[in-house]
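Numbering (the working numbering), first residue to last: 10 to 425. Glycine included, each C-beta is placed from N, C-alpha and C at the ideal position. Small disclaimer: the values here were computed from a predicted structure and weren't measured.
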């Protein structure tokens with residue numbers, strides 16, 4: 010009996026020692042995989058915005074930077090809201106252990122506050138007389154902030170503490186997600202004369218031209234999604250253009266304007282209203298785009314979810330279906346809608362974003378949306394989207410016939 014007891018004790022000790030070696034081995038492996046580099050000359054930092062490679066900053070010579078990952082051509086370093094990539098070459102050296110020990114500092118944890126650079130801005134390593142420049146951030150770049158210290162913003166640049174002076178930036182007021190519905194050339198000559206959701210085509214033209222002429226880029230919800238999840242950098246002047254209901258006026262009027270301006274937009278589609286093709290155009294009534302029209306405009310529009318059959322209200326109480334129906338009923342409707350809306354795209358899995366009809370929702374609506382594979386959902390509450398916002402109650406900026414160009418500018422700038 011004593012012999013058996015001793016054997017058991019010995020076995021426990023052996024397992025403990027083995028576990029210790031395994032843990033130490035993993036720690037050693039993790040430490041070994043942590044890589045730092047030094048540039049011997051200035052190195053541009055790149056990322057993709059609106060599908061295009063843009064320069065978002067510059068790493069300065071003889072500074073130490075952490076490598077998050079790498080591929081055959083690039084190193085990826087912490088920069089801005091995600092990572093930036095720098096091209097490999099002879100000017101990039103692996104840092105020595107001594108350099109790493111001497112330069113390592115505690116990384117700041119980002120808050121939900123962001124800044125936008127006015128012009129190219131210097132990032133310093135400290136805020137006293139001994140400060141040195143360690144990087145540059147291009148103008149019109151969004152950058153998350155850990156906190157503000159006096160006149161300086163504390164940021165993470167390349168895995169190091171950095172400081173940007175407040176005079177070089179302004180606080181980020183969020184990304185505008187513009188909300189449109191229907192448009193006509195002369196709504197005053199139709200039954201939609203006093204409809205707050207119907208704007209003039211000429212006003213839409215002015216608004217889109219303003220965006221283009223003033224350096225605003227249009228992005229789709231996939232990029233906004235990645236930005237909110239700290240997976241992508243964005244410039245300061247970006248906007249999302251959305252249309253609710255998928256009306257035929259989108260193809261007739263909005264599509265050529267957007268195409269001419271090289272702009273993108275999102276259409277939130279009511280699945281149950283979508284047929285093989287649209288009814289003939291008639292400015293006196295409403296028609297919905299069909300599969301045919303969706304395929305014809307897919308180079309500009311990204312089609313997303315506005316429910317399948319729940320853009321309705323209860324007959325007696327007028328309560329929206331997304332509130333009155335059960336969580337399971339809503340979930341099944343959204344799943345069916347993803348299949349239906351995704352049919353012309355041949356990829357139902359791409360339907361990941363939802364606009365609540367009339368902006369109405371409840372807690373069980375959100376749970377149903379999550380269960381159905383929805384990643385972001387939008388209300389009609391006025392405001393811009395910011396880092397840290399709850400992803401299933403995102404705000405938008407509605408555009409109606411009563412909004413002036415001054416109103417429009419305030420909306421995109423987050424001042425409305």
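Spatially closest choice to residue i from the options, by CA coordinates
{"i": "residue 324", "options": "52, 333, 316", "result": "333"}
{"i": "residue 57", "options": "150, 155, 159, 404", "result": "150"}
{"i": "residue 361", "options": "165, 312, 240, 245", "result": "312"}
{"i": "residue 165", "options": "342, 79, 299, 134", "result": "134"}
{"i": "residue 409", "options": "315, 216, 306", "result": "216"}
{"i": "residue 356", "options": "347, 363, 194", "result": "347"}
{"i": "residue 292", "options": "345, 327, 207", "result": "207"}
{"i": "residue 257", "options": "290, 424, 403", "result": "290"}
{"i": "residue 273", "options": "284, 282, 250, 380", "result": "250"}
{"i": "residue 43", "options": "84, 359, 54", "result": "84"}
{"i": "residue 48", "options": "76, 213, 222", "result": "76"}
{"i": "residue 254", "options": "194, 365, 91, 268", "result": "365"}
Paired residues, beta bridge with residue i - DSSP
{"i": "residue 87", "result": "92"}
{"i": "residue 165", "result": "170"}
{"i": "residue 45", "result": "75"}
{"i": "residue 193", "result": "209"}
{"i": "residue 226", "result": "247"}
{"i": "residue 405", "result": "391"}
{"i": "residue 118", "result": "Per DSSP, none; premise fails for residue 118."}
{"i": "residue 144", "result": "68, 132"}
{"i": "residue 252", "result": "189, 276"}
{"i": "residue 297", "result": "256"}
Residue i versus residue j: straight-line alpha-carbon distance, rounded
{"i": "residue 203", "j": "residue 414", "result": "19 angstroms"}
{"i": "residue 276", "j": "residue 218", "result": "20 angstroms"}
{"i": "residue 106", "j": "residue 248", "result": "44 angstroms"}
{"i": "residue 296", "j": "residue 238", "result": "37 angstroms"}
{"i": "residue 309", "j": "residue 103", "result": "44 angstroms"}
{"i": "residue 184", "j": "residue 109", "result": "37 angstroms"}
{"i": "residue 336", "j": "residue 377", "result": "5 angstroms"}
{"i": "residue 169", "j": "residue 116", "result": "6 angstroms"}
{"i": "residue 229", "j": "residue 235", "result": "10 angstroms"}
{"i": "residue 210", "j": "residue 192", "result": "6 angstroms"}
{"i": "residue 401", "j": "residue 187", "result": "17 angstroms"}
{"i": "residue 159", "j": "residue 73", "result": "26 angstroms"}
{"i": "residue 271", "j": "residue 225", "result": "11 angstroms"}
{"i": "residue 118", "j": "residue 62", "result": "27 angstroms"}
{"i": "residue 331", "j": "residue 320", "result": "8 angstroms"}
{"i": "residue 122", "j": "residue 157", "result": "9 angstroms"}
{"i": "residue 68", "j": "residue 51", "result": "6 angstroms"}
{"i": "residue 282", "j": "residue 93", "result": "43 angstroms"}
{"i": "residue 71", "j": "residue 231", "result": "36 angstroms"}
{"i": "residue 89", "j": "residue 66", "result": "9 angstroms"}
{"i": "residue 279", "j": "residue 299", "result": "11 angstroms"}
{"i": "residue 59", "j": "residue 285", "result": "30 angstroms"}
Backbone secondary structure at residue i - three-state DSSP
{"i": "residue 202", "result": "coil"}
{"i": "residue 188", "result": "strand"}
{"i": "residue 399", "result": "coil"}
{"i": "residue 128", "result": "coil"}
{"i": "residue 154", "result": "coil"}
{"i": "residue 311", "result": "strand"}
{"i": "residue 329", "result": "strand"}
{"i": "residue 180", "result": "strand"}
{"i": "residue 60", "result": "coil"}
{"i": "residue 411", "result": "coil"}
{"i": "residue 287", "result": "coil"}
{"i": "residue 104", "result": "coil"}
{"i": "residue 385", "result": "strand"}
{"i": "residue 374", "result": "helix"}
{"i": "residue 347", "result": "helix"}
{"i": "residue 66", "result": "strand"}
{"i": "residue 363", "result": "strand"}
{"i": "residue 52", "result": "strand"}
{"i": "residue 322", "result": "strand"}
{"i": "residue 219", "result": "helix"}
{"i": "residue 425", "result": "coil"}
Minimum Cβ-Cβ distance from residue i to chain D less than 8 angstroms
{"i": "residue 54", "result": "The chain inventory of the structure shown lacks chain D, comprising one protein chain alone."}
Q | Segment contact, 8 angstroms Cβ cut-off, at least three pairs: the segment 132–142 with the segment 91–111 | A | no
Q: Say whether the segment 366–375 touches the segment 351–358, bearing in mind that this needs 3 or more beta-carbon pairs closer than 8 angstroms, one atom from each stretch.
A: no
Q: Count the CB pairs spanning the segment 170–182 and the segment 119–127 that are closer than 8 angstroms, and state whether there are at least three.
A: yes
Q. Any chance the segment 255–275 sits against the segment 384–397, with 3 or more Cβ pairs inside 8 angstroms?
A. no
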